[in-house]
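Those letters in the sequence shown? Residues 1 to 71, by this note's numbering. Cβ coordinates follow ideal geometry from the N, Cα and C atoms, glycine included.
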Amino acid sequence: MREVTNAQWRACVADGGCPPIAGGADASPVTGASYVDARAFVAWLSGRTGVAYRLPSEGEWDAAAEGAPAS
Numbered sequence: 001m002r003e004v005t006n007a008q009w010r011a012c013v014a015d016g017g018c019p020p021i022a023g024g025a026d027a028s029p030v031t032g033a034s035y036v037d038a039r040a041f042v043a044w045l046s047g048r049t050g051v052a053y054r055l056p057s058e059g060e061w062d063a064a065a066e067g068a069p070a071s
């Protein structure tokens with residue numbers, strides 16, 4: 001899993017796929033995005049790349065936060 005950067009979010013906004021969110025430096029992670037915003041980014045990214053991206057499940061997120069493999 002990786003954090004979405006402000007530069008990546010701005011590209012999505014410029015392409016009409018994401019709502020604007022106040023952000024910082026290009027390389028810093030996006031903050032203040034809602035679950036709905038994150039789903040919009042994933043849909044946009046999947047459409048742009050042709051690769052099926054998705055948000056992690058709650059179990060995957062918890063395991064990543066703990067540094068343990070997801071079961």
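8 Å CB neighbourhood of residue i in its chain, flanking five on each side removed
i, result
"residue 9", "18, 21, 23, 30, 33, 41"
Terminal residues of the alpha helix (DSSP H) in which residue i lies
i, result
"residue 74", "Not covered by the structure: residue 74. The range shown for the chain is 1 to 71."
"residue 63", "58 to 66"
Neighbourhood of residue i by C-beta distance below 7 Å, restricted to the same chain and skipping five residues each side
i, result
"residue 15", "44"
"residue 55", "38, 39, 42"
One or two residues paired with residue i in a DSSP bridge
i, result
"residue 29", "5"
Same chain, Cβ closer than 6 Å to residue i, neighbours up to 5 away in sequence not counted
i, result
"residue 25", "none"
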